[in-house]
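In my numbering, the protein residues as written are 355 to 774.
By construction, the Cβ of each residue, glycine as well, lies at the ideal position given by its N, Cα and C atoms.
As the structure is a computational prediction, the values presented were derived from the model and not from experiment.
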């Protein structure tokens, strides 16, 4: 591998390279030389009108589906899709079959992806089979390579279970991820409860179903004095509660799903099932609050919330369609299209590089001579239209296919491999 990244703007805060345009030579997977007007002879040159690079991006909370649901996505296709989206490292949820709730399950993912271009850090289940009842052997999974614990798309309903889980991981400074949703309030809702749901005649999912569990989780966290991450927040009140909790000094972090930045509940007026996601797309006030939360760093990072589903789960009338969208390939352009007037590019990239890793105490890669290359290459000015044919995910439930987006990932360099 001999690659020259030509005249690339570097996004790497707190280093001398940050904001500068340089040439970067990559040879045999390592950063060989950084400078200006470097000799191109013998190197494959990567150019773009506004070529940009940063340390590799990190996403967590994607659905791996392997083992058990490989027809939706397997670990190889997830790696390909993640790399296509600019992510050099991902931490998938444990909602597989069987559930990733044992040391053996963690080892399966790590061993099966050891030769992939993308590095995998599994998230282990908090409870057996993600049923929300019996705590798993989280310490054993941590020793096997799990970086955090969550029941993934299954919200932890029982307060006592959450408290015991938080107390358990405190002994090794672990973190619990929970998607806040009170099932007794969300019921069989199909979309955000509001004017649009009434207009469409669809059962609504009230935002109180999220915020009341955020309040509960914060109370339990304060008692347990541990670490908690709120995954996939969607409502204005939730952002307010997290902001208040951070000021109080609670060990809390939060992420939001990327689609909630670009779309609102009104976008469901044509019953687009690929926009039927969980948490649901909410109203304008909620969306504005999510953006403000990013600006103020109340919200730590943006996640793909990648949930691939087979066509048979989506090609149905809206009430019968499954929840989820295939998004990991398009997370950056979706986010940048939504935020280009609201957030500077450096801040957005920082959410993907640094803020996301800090939640899990992961080391942040650095671009400097002599290091193993862990780099994302992108052009924020490129305007393009995703196509189904261009997707590397096994599933096709992507709501931005055919829609104009700004910002394109050109590829990654990681683990001695590249997809540029």
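Checklist line | Cβ neighbours of residue 433 in the same chain (closer than 7 Å, five flanking residues each side left out) | finding: If you number the chain shown from 1, residue 433 lands on position 79. Excluding five sequence positions before and after residue 433, the CB atoms of its chain that fall closer than 7 Å to its own CB belong to 467, 470, 471, 472, given in chain order.
Notebook entry, point to check: With a CB to CB cut of under 8 Å and the five nearest residues on each side skipped, what residues in its chain are close to residue 358?
Noted result: Against the chain shown, residue 358 aligns to sequence position 4. In its chain, beyond the 5 residues on either side, 377, 378, 379, 380, 392, 394, 397, 398, 399, 400 have a beta carbon closer than 8 Å to the beta carbon of residue 358.
Next item on the list: Taking 8 Å as the cut-off, decide whether the C-beta atoms of residue 588 and residue 610 are in contact.
Entry: Your numbering for residue 588 matches position 234 in the chain shown. Your numbering for residue 610 matches position 256 in the chain shown. In this structure, residue 610 lies closer than 8 Å to residue 588 by Cβ.
Note to self: Looking only at its chain, what residues have a beta carbon closer than 7 Å to the beta carbon of residue 621, apart from the 5 residues adjacent to it on each side?
What the structure shows: Here residue 621 refers to the residue found at position 267 when the chain shown is read from its first residue. By the criterion of a C-beta distance shorter than 7 Å, residue 621 is surrounded in its chain by 629, 635, once the five residues flanking it on both sides are discounted.
Note to self: If distances are taken between C-alpha atoms only, which option among 534, 573, 575 comes closest to residue 562?
What the structure shows: Within the chain shown, the letter at position 208 stands for residue 562. Among 534, 573, 575, the Cα nearest to that of residue 562 is on 534.
Margin query: Whether or not the region 669-685 and the region 747-760 are in contact is what I'm after, with contact meaning three or more pairs of Cβ atoms, one per stretch, closer than 8 Å; do they touch?
Written below: Contact between the region 747-760 and the region 669-685 is present, because at least three Cβ pairs lie under 8 Å.
Item checked: Residues that residue 609 bridges to, as DSSP identifies them -> In the chain shown, residue 609 corresponds to position 255, counting from 1. Residue 609 pairs with 655.
Checklist line | Cβ-based burial, residue 743 [other Cβ within 10 Å; buried from 16] | finding: For the purposes of this step, residue 743 is taken as residue 389 along the chain shown, with counting starting at 1. Of the residues assessed, residue 743 falls on the exposed side of the cut-off, its CB having fewer than 16 other CB atoms within 10 angstroms.
Checklist line | Sequence-distant residues of its chain with Cβ nearer than 7 Å to residue 664 (five each side left out) | finding: Start at 1 with the first residue of the chain shown, and residue 664 comes out as number 310. Closer than 7 Å at the Cβ level, and outside the excluded window around residue 664, lie 425, 426, 749.
Next item on the list: Please say whether residue 656 and residue 407 have beta carbons closer to each other than 8 Å?
Entry: Here residue 407 refers to the residue found at position 53 when the chain shown is read from its first residue. Here residue 656 refers to the residue found at position 302 when the chain shown is read from its first residue. Judged by their CB atoms, residue 407 and residue 656 are not nearer to each other than the 8 Å cut-off.
Notebook entry, point to check: Apart from the five residues on each side of it in sequence, which residues of its chain come closer than 6 Å, Cβ to Cβ, to residue 581?
Noted result: Reading the chain shown from its first residue, position 227 is the one you call residue 581. So the list reads 529, 605, once near-sequence residues are dropped.
Margin query: Once the 5 residues before and after residue 450 are set aside, which same chain residues still bring their CB inside 8 Å of it?
Written below: Indexing the chain shown from 1 puts residue 450 at position 96. Contacts found: 418, 419, 420, 421, 422, 423, 459.
Item checked: Within the region 612-699, ranges of the beta strand (DSSP E) (whole runs, at least 3 residues) -> 655-657, all fully within the region 612-699.
Margin query: So, under 8 Å CB-CB, residue 762 and residue 732 are touching, yes? Tell me the CB distance rounded to an integer number of Å.
Written below: Along the chain shown, one-based indexing puts residue 762 at 408. Along the chain shown, one-based indexing puts residue 732 at 378. With a Cβ gap of about 7 Å, residue 762 and residue 732 count as contacting.
Margin query: To the nearest angstrom, how far is the alpha carbon of residue 570 from that of residue 597?
Written below: Against the chain shown, residue 570 aligns to sequence position 216. Against the chain shown, residue 597 aligns to sequence position 243. Using only the alpha carbons, I get a separation of about 15 Å.
Margin query: Considering Cα atoms alone, identify which of 712, 708, 660, 721 is closest to residue 583.
Written below: Against the chain shown, residue 583 aligns to sequence position 229. Nearest neighbour of residue 583 by Cα position, chosen from 712, 708, 660, 721, turns out to be 712.
Next item on the list: Please work out which residues of its chain come closer than 7 Å, Cβ to Cβ, to residue 702, disregarding the five sequence neighbours upstream and downstream, and give them in chain order.
Entry: As a working mapping, residue 702 is identified with position 348 in the chain shown. These residues qualify, in order along the chain: 689, 690, 693.
Margin query: Buried or exposed for residue 707, going by 16 or more other Cβ atoms inside 10 Å?
Written below: Position 353 of the chain shown, counted from the first residue, corresponds to residue 707. It is buried - the Cβ of residue 707 has at least 16 other Cβ atoms within 10 Å.
Notebook entry, point to check: Whose CA, out of 521, 532, 494, 498, lies closest to the CA of residue 486?
Noted result: Here residue 486 refers to the residue found at position 132 when the chain shown is read from its first residue. Of all alpha-carbon atoms in 521, 532, 494, 498, the one lying nearest the alpha-carbon of residue 486 is that of 532.
Checklist line | Boundaries of the alpha helix (DSSP H) in which residue 462 is found, first to last residue | finding: Here residue 462 refers to the residue found at position 108 when the chain shown is read from its first residue. Residue 462 -> alpha helix (DSSP H) spans 457-466.
Next item on the list: Measure the C-alpha to C-alpha separation of residue 384 and residue 719 and round it to an integer number of angstroms.
Entry: Position 30 of the chain shown, counting from 1, holds the residue named residue 384. Position 365 of the chain shown, counting from 1, holds the residue named residue 719. Residue 384 and residue 719 have their C-alpha atoms some 12 Å from each other.
Notebook entry, point to check: Can you give the Cα-Cα distance for residue 638 and residue 615, rounded to whole angstroms?
Noted result: On the chain shown, position 284 is the one that residue 638 refers to. On the chain shown, position 261 is the one that residue 615 refers to. Rounded to whole angstroms, the separation of the alpha carbons of residue 615 and residue 638 is 10 Å.
Margin query: Check whether chain D comes within 8 Å of residue 465, counting only Cβ atoms and requiring the distance to be less than that.
Written below: Within the model displayed, chain D is absent; a lone protein chain is all it includes.
Next item on the list: Count the other CB atoms, across all protein chains shown, that sit within 10 Å of the CB of residue 603; report buried if there are 16 or more and exposed otherwise.
Entry: Mapped onto the chain shown, residue 603 falls at position 249. Exposed, by the Cβ-count rule.
Check: If we ignore side chains and look at the alpha-carbon of each, how far apart do residue 428 and residue 722 end up?
Finding: In the chain shown, counting from the first residue as 1, residue 428 sits at position 74. In the chain shown, counting from the first residue as 1, residue 722 sits at position 368. Their Cα atoms are separated by approximately 33 Å.
Note to self: On the DSSP bridge list, what partners appear for residue 417?
What the structure shows: Numbered from its first residue, the chain shown carries residue 417 at position 63. Residue 417 has 447 as its beta-bridge partners, per DSSP.
Check: Do residue 504 and residue 585 have their C-beta atoms closer together than 8 Å?
Finding: Along the chain shown, read from residue 1 onward, the residue named residue 504 stands at position 150. Along the chain shown, read from residue 1 onward, the residue named residue 585 stands at position 231. Yes, these two residues count as a Cβ contact at 8 Å.
Notebook entry, point to check: Is the CB-CB distance between residue 526 and residue 577 below 8 Å?
Noted result: Position 172 of the chain shown holds residue 526. Position 223 of the chain shown holds residue 577. Cβ atoms of residue 526 and residue 577: not closer than 8 Å.
Item checked: Residue ranges of each alpha helix (DSSP H) within the region 470-526, 4 or longer -> As far as the region 470-526 is concerned, its whole alpha helix (DSSP H) runs of at least 4 residues are 492-498, 513-524.
Notebook entry, point to check: Whole-angstrom Cβ separation of residue 447 and residue 416, contact assumed at under 8 Å?
Noted result: Within the chain shown, residue 447 is the residue found at index 93, counting from 1. Within the chain shown, residue 416 is the residue found at index 62, counting from 1. Their Cβ separation, rounded to whole angstroms, is 7 Å, which keeps residue 447 and residue 416 in contact under 8 Å.
Notebook entry, point to check: Do residue 499 and residue 464 have their C-beta atoms closer together than 8 Å?
Noted result: Translated into positions along the chain shown, residue 499 becomes position 145. Translated into positions along the chain shown, residue 464 becomes position 110. Their beta carbons are under 8 Å apart, which means residue 499 touches residue 464 by this criterion.
Notebook entry, point to check: Should residue 725 go down as buried or exposed, given a rule of 16 or more other Cβ atoms within 10 Å for buried?
Noted result: The count along the chain shown starts at 1 and reaches residue 725 at position 371. Residue 725 comes out exposed.
Notebook entry, point to check: Sorted by chain position, which residues of the same chain lie with C-beta nearer than 6 Å to residue 759's C-beta, five sequence neighbours on each side aside?
Noted result: Translated into positions along the chain shown, residue 759 becomes position 405. Same-chain partners within the cutoff: 687, 691.
Margin query: Less than 8 Å between the beta carbons of residue 413 and residue 685, yes or no?
Written below: Indexing the chain shown from 1 puts residue 413 at position 59. Indexing the chain shown from 1 puts residue 685 at position 331. For residue 413 and residue 685, yes; Cβs fall inside 8 Å.
Margin query: Please report the straight-line C-alpha distance between residue 600 and residue 355, rounded to a whole angstrom.
Written below: Against the chain shown, residue 600 aligns to sequence position 246. Against the chain shown, residue 355 aligns to sequence position 1. For residue 600 and residue 355, the distance between alpha carbons rounds to 45 Å.
Margin query: Can you tell me where the alpha helix (DSSP H) holding residue 569 begins and where it ends?
Written below: Reading the chain shown from its first residue, position 215 is the one you call residue 569. Looking at the DSSP string, the run of the alpha helix (DSSP H) that includes residue 569 is 562-578.
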